[in-house]
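Going left to right, the sequence shown walks through residues -19 to -1, 1 to 164 as mature numbering (1 follows the signal peptide of the UniProt record, and there is no 0) numbers them. Each residue gets a CB set at the ideal place from its N, CA and C atoms; glycine is no exception. First the structure, in the form of structure tokens, and then the observations on it.
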Amino acid sequence: MKNFLLFFYCALLTITTMAAESYQVKTEEEFKQAVEKVIAGDQIIIANGTYNGWCLTVPTKASADKPIRIRAQSAGKVIFSGDVSKPIFLLTGSYTEISGLSFTDCNLFKTPNGNGVLIELKQSSYCRITDCRFTKNTLKSQYMPIVVVSGTGQHNRIDHCVFTGNIDNQEVQVKIASDAIPV
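Below, the structure is given as structure tokens:
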């Protein structure tokens, strides 16, 4: 009987530690708190609504079998808009996926403190941007990118996204400098 109880307790402990967490967020501050807590396999769900002024660094590290997912509560119903002078999402980790978000009517600015980019994958590996919409965004400096992949990151993906009606831009830019060549 003791062996059975010990086995049952270990199995229950294993199952509860394997369960992924979901963090529902509605504000930039809630998102930042969730990013500090997430571990491999968890997800951050952004509540449906329109948001502006967000500037987030996502340094999360996960694994191929348990990526960290950042997604819209309902695909296409989480909309980022307004003025942007720094990346809304700066991914610097690994195995992180952003999906279902819309970036509409954003005004992207170049400033001394940074460039208005919607998503930047910097030094990240195995990150994915999927099922996102980039619509009617205006770049206030000609030929700025909307999405940037930079640094020594590897194996990043941008797929199943829609880029439409954006003005004076490069949709996606891959930046490789001599000191940041992927291996």
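- GLU78 and ARG114 do not touch by the CB rule: their CB atoms are close to 16 Å apart, not below 8 Å.
- Distances from the CA of THR41 to each of GLN14, ILE60 and VAL65 were compared; the closest alpha carbon is that of GLN14.
- Judged by beta-carbon spacing, GLY63 lies within the 8 Å limit of CYS87, meaning their Cβ atoms are closer than that value.
- In this structure ARG50 is buried. Its beta-carbon is surrounded by 16 or more other beta-carbon atoms within 10 angstroms.
- Distance between ILE69 and VAL98, taken at the CA atoms: about 7 Å.
- Rounded to whole angstroms, PHE12 and ASN33 show a C-alpha spacing of 13 Å.
- Around the Cβ of LYS103, a 10 Å sphere holds 16 or more other Cβ atoms; the residue is buried.
- Excluding sequence positions up to five before and after VAL65, its CB lies within less than 8 Å of the CB of CYS87, ASN88, LEU89, PHE90, GLY97, VAL98 and LEU99, all in the same chain and listed in chain order.
- About 11 Å separates the beta carbon of GLU152 from that of VAL129, a gap too long to meet the 8 Å contact definition.
- When DSSP reads this structure, PRO126 sits in a beta bridge with GLN151.
- Per DSSP, reduced to three states, the secondary structure at ALA53 is strand.
- Taken through DSSP and simplified to helix, strand or coil, GLN14 comes out as helix.
- Shortest Cα-Cα distance from GLY95 to any of GLY146, SER44, HIS141 and PRO126 involves PRO126.
- Between the alpha carbons of SER122 and PRO93 lies a distance of about 13 Å.
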